[in-house]
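Participant: Numbering (the working numbering), first residue to last: 720 to 1290. Note that the Cβ used here is the ideal one computed from N, Cα and C, for glycine as well. What you are looking at is a predicted structure, and each value in this text was computed from that prediction instead of being measured. Next up is a structure, given as structure tokens.
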Amino acid sequence: MAEGAKEEETQGLYAVLPWDKFSNWLHCVCVVTFDLEIGQTLELVYPTHVRLSEQEKTNICYLAFPDSNSGCMGDTQFHVRIRQSPGRQGLAPDLGVYNSKCPVHLKADPGYFHGYVYFRQIKDKTIPRGYFQKSVVLLSRLPFISLFHKVAHRMANEFFERGETSIEAACHDVDQWAPPLPGEQVSLPLLGEILQTQIPCKSSSLTSPGSPSKCVVQAPSPTVLPSVHDVNLYKSFCPVLSHVHLLWELVLTAEPIIVMAPSPTVCSEMVYSLVTMIVPLLYCADYRPFFTIHDSEFKEYTANAHAPPSVILGVTNPFFAKTLQNWPHIIRLGETQSLATPQKHKLKKASNLKMLDSKPGVYTYYKSFLQKDKNIIKKLIKGTQMKRPCEVQNALLRRHLLELTQSFMIPLERYMASLMPLQKNISPYKFVNFQAAPIPKPFNPDDFIATLETSGPQLTSGIKGDWVGLYRKFFRSCNFSAWYNARYHEVSLKLQTLQLQALSDADLKVWVQGKKEVEVVDMVLQIKHKIEQSQSEELPLSGVTKEQLQKRLDDIIFTLPEDLRAVLKNC
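Below you can see the structure in the form of structure tokens.
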């Protein structure tokens, strides 16, 4: 009881801390400038109480500016992903609630920051170097690309015009935002503007949603964002459209990929498009939308170019063309990303990238397991020729990739469900040595493969090829491990809940007859443990109330000697 009271007191204390609502959306806002003597330097961090480690500061500074070769004049927007330094506190309680209800690929990540960068470079004769160079960087644990690009644009332009006070005002606006709750439509005030959008939930369509259906009349008129997170897949993949199915296989199996592009905007959009092309499956390997030679993980990812780790890196520095020329899969994008006509670059062997002036295309040793779906490629090319809106093209491609991933995953979900024991075999009386709840049967790859002939992806997809080979490669990837572990955890909780339901319906007064006292005490301790788990939300009770379990507990305790009853009630 004392621990529960302490927990409530802690949560109550959290509720009155300053900047608690702000931290649901942003960690902090940074301003990075260029100093002629020391290079990139952190000029401002707001709110001022936020503390960043030296490594985080260094990474933010170097990632906030495009590589010098990019030649980005004017305003440039892109996003980055930064590994958090160890020792930080976990997610705020509101983000824990958000994570329990949102799609897996949109969860707040306790180990990484997403950085949303707005960089400005213009000529300025009053500065010794001749150029004004400065970036506004928003750090968040949420992968809300569309929303925070809009916020960064608004905040940065106000800052460049009015100075630090506008950053402070914007942060105070964000501190008024309600917590992100999946399924809710939100109106977010920011510097005199209202941003209106919807937070996706697990059941949301994975295509871009329409305008919020319940628009509250605002003054001024709100800016409606169709999505908080989407990037335009068609825009990203148009230069390599004919290889989109090969890229889907590479991402599905968590193969190491390098994206070489002329600007951080292009490479960051391509990297994020890659990791989201397999939703609703979560991409579980590391990815860096924009990566530089100054990154703290540079040596980690480039030390062994012949056996690179599972990671997707977006780079712009030509230095990487030589350093990472032995990587197995490289996507090279050109200077311009025209949507007028999708490019038909041939697949090239990775060894051909040894020339620094390599042409755009996909360089890989990989041989696809599946054939291309030529129909969708033809439909998209025809749509381009007919000047179909880019948003429609994006919806067509996103829907196709969603259906392809679902066709691949449905047999796995069906097989996983078959590993559940029959409900009739779940007994309420097997609370012995904390091994009471039944567990799923082990996953057997060969048994799963045997099910594909009658219930494989061919039932929902017209794509032909070696599906079995692709599944076996997928089983060796971190994407499969993470998916299986998550499903195993969900199934285990479901089985425990089913057992508790059986327990709540059982007549324990009959069960205790003829039982040894030690068995009855063990049952009491088990039920108390389950009630404690449900109170801490480790074990959500679906269809079972705590009152029902407490009544069964009281029924058993009543059968014990009076002295033992008193001990058990207080333990």
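Hey, could you find the ends of the alpha helix (DSSP H) Ile1168 is sitting in?
Facilitator: Per DSSP, Ile1168 belongs to the alpha helix (DSSP H) from 1164-1174.
Participant: Using only CA atoms, which one of Lys1078, Leu1178, Pro1159, Leu761 lies nearest to Pro958?
Facilitator: Out of Lys1078, Leu1178, Pro1159, Leu761, Lys1078 has the C-alpha closest to the C-alpha of Pro958.
Participant: Could you check whether the stretch 962-978 touches the stretch 765-773, counting it as contact only if at least three pairs of C-beta atoms, one from each stretch, sit closer than 8 Å?
Facilitator: No contact exists between the stretch 962-978 and the stretch 765-773.
Participant: Determine the DSSP secondary structure at Leu1138, reduced to helix, strand or coil.
Facilitator: The answer is coil: DSSP assigns Leu1138 none of H, G, I, E or B.
Participant: To the nearest angstrom, how far is the alpha carbon of Asn1214 from that of Asn778?
Facilitator: Note on identity: in this sequence residue 1214 is Leu, with Asn being the wrong assignment. Distance between the alpha carbons of Leu1214 and Asn778: 45 Å.
Participant: Rounded to whole angstroms, what is the Cα-Cα separation between Phe1305 and Lys954?
Facilitator: Residue 1305 cannot be examined here, being either before or after the span of the chain that is shown, 720 to 1290.
Participant: Please state whether DSSP places Glu762 in a helix, a strand or coil.
Facilitator: It is a strand residue.
Participant: So who's on the other strand from Gln917, going by DSSP bridges?
Facilitator: DSSP lists Gln904 as partners of Gln917.
Participant: Here's the rule: buried if 16 or more other CB atoms are within 10 angstroms of the residue's CB, otherwise exposed. What is Ile997?
Facilitator: Per the 10 Å Cβ criterion, buried.
Participant: Return the CA-CA distance between Phe1127 and Asp894, expressed in angstroms with no decimal places.
Facilitator: In a straight line, the C-alpha of Phe1127 is about 42 Å away from that of Asp894.
Participant: Quickly, what does DSSP pair Arg665 with across the bridge? List them, please.
Facilitator: Because the chain in this structure spans residues 720 to 1290, residue 665 falls outside the shown range and cannot be described.
Participant: If Asn1198 sits next to Ala973, beta carbons under 8 Å apart, how far is it from one beta carbon to the other, in whole angstroms?
Facilitator: Yes, Asn1198 and Ala973 are in contact; Cβ-Cβ is about 5 Å, under 8 Å.
Participant: Name the residue from Met792, Phe797, Val1240 whose alpha carbon lies nearest to the alpha carbon of Gln840.
Facilitator: Comparing Cα-Cα distances from Gln840 to each of Met792, Phe797, Val1240, the minimum goes to Met792.
Participant: Between the alpha carbons of Asp1076 and Thr942, how many angstroms are there, rounded?
Facilitator: With a pLDDT of 49 at Asp1076, under the threshold of 50, the predicted position of this residue should be treated as unreliable, though the coordinate-derived value follows. Cα-Cα distance, rounded: 43 Å.
Participant: If I follow the unbroken beta strand (DSSP E) through Gln852, where does it start and stop?
Facilitator: Unbroken beta strand (DSSP E) run through Gln852: 850-859.
Participant: Taking buried to mean at least 16 other C-beta atoms within 10 Å of its own C-beta, is Pro1108 buried or exposed?
Facilitator: Result: exposed.
Participant: Give me, in chain order, the residues of the same chain whose beta-carbon lies closer than 6 Å to that of Pro981; leave out the 5 immediate sequence neighbours on both sides.
Facilitator: Excluding positions up to five away in sequence, the list reads Glu1054.
Participant: Go to Thr777, then tell me how far its alpha helix (DSSP H) extends in each direction, as first and last residue.
Facilitator: Residues 773-782.
Participant: Express the C-alpha separation of Ser1211 and Pro1157 in angstroms, rounding to a whole number.
Facilitator: Using only the alpha carbons, I get a separation of about 8 Å.
Participant: Of the residues Gln808, Gly882, Phe867, Lys842, which one's Cα is nearest the Cα of Ser946?
Facilitator: Of the listed residues, the one whose Cα sits closest to Ser946 is Phe867.
Participant: If you follow the beta strand (DSSP E) that Gly1080 is part of, which residue opens it and which one closes it?
Facilitator: Counting along the chain, the beta strand (DSSP E) containing Gly1080 begins and ends at 1080-1083.
Participant: Pull up the distance between the alpha-carbon of His798 and that of Leu1244, whole angstroms please.
Facilitator: Roughly 51 Å between the two C-alpha positions.
Participant: Determine, using beta carbons only, whether Ser1303 and Leu944 come nearer to each other than 8 Å.
Facilitator: In the structure as shown, the chain begins at 720 and stops at 1290. Residue 1303 is therefore absent and cannot be evaluated.
Participant: Do Ile1096 and Leu993 have their beta-carbon atoms positioned less than 8 Å apart in this structure?
Facilitator: Not closer than 8 Å, so no.
Participant: In the structure shown, what three-state DSSP assignment does Asp892 receive?
Facilitator: If DSSP states are grouped into helix, strand and coil, Asp892 belongs with the helices.
Participant: Comparing C-alpha positions only, which one of Ala871, Asn818, Asp828, Thr795 sits nearest to Arg1295?
Facilitator: Limits of the chain in this structure are 720 at one end and 1290 at the other, which puts residue 1295 out of reach.
Participant: Starting from Leu1299, follow the beta strand (DSSP E) in both directions and report where the run begins and ends.
Facilitator: Since the first and last residues shown for the chain are 720 and 1290, residue 1299 lies out of range.
Participant: To the nearest whole angstrom, what separates the beta carbons of Arg1118 and Leu952, a pair I think is in contact under 8 Å?
Facilitator: Arg1118 to Leu952, Cβ: 10 Å. No contact.
Participant: May I ask you to check if the CB of Val823 is nearer than 7 Å to at least one heavy atom of the ligand COA?
Facilitator: Only the bare structure without any ligand can be found here, which leaves the ligand COA out of the picture.
Participant: Going by DSSP, name the residue or residues bridged to Ala1089.
Facilitator: Note that residue 1089 corresponds to Leu in the displayed sequence, not to Ala. Answer by DSSP bridge pairing, in chain order: Gly1184.
Participant: What does DSSP give as the partner residues of Thr795 in its beta bridges?
Facilitator: Phe838.
Participant: Does the stretch 852-859 come close enough to the stretch 749-760 to have 3 or more Cβ pairs within less than 8 Å?
Facilitator: Touching, per the Cβ criterion.
Participant: Do you know whose CA, among Pro983, Leu1043, Asn743, Tyr1002, lies nearest Ala1022's CA?
Facilitator: Ala1022 has its Cα closest to that of Leu1043, out of Pro983, Leu1043, Asn743, Tyr1002.
Participant: On the DSSP letters alone, give me the boundaries of the alpha helix (DSSP H) that Arg873 sits inside.
Facilitator: Here the alpha helix (DSSP H) through Arg873 covers 864-881.
Participant: By the 10 Å Cβ neighbour count, where 16 or more other Cβ atoms means buried, how is Pro999 classified, buried or exposed?
Facilitator: Exposed is the call here.
Participant: Does the distance from the CB of Arg860 to the CB of Phe838 come in under 8 Å?
Facilitator: No, these two residues do not count as a Cβ contact at 8 Å.
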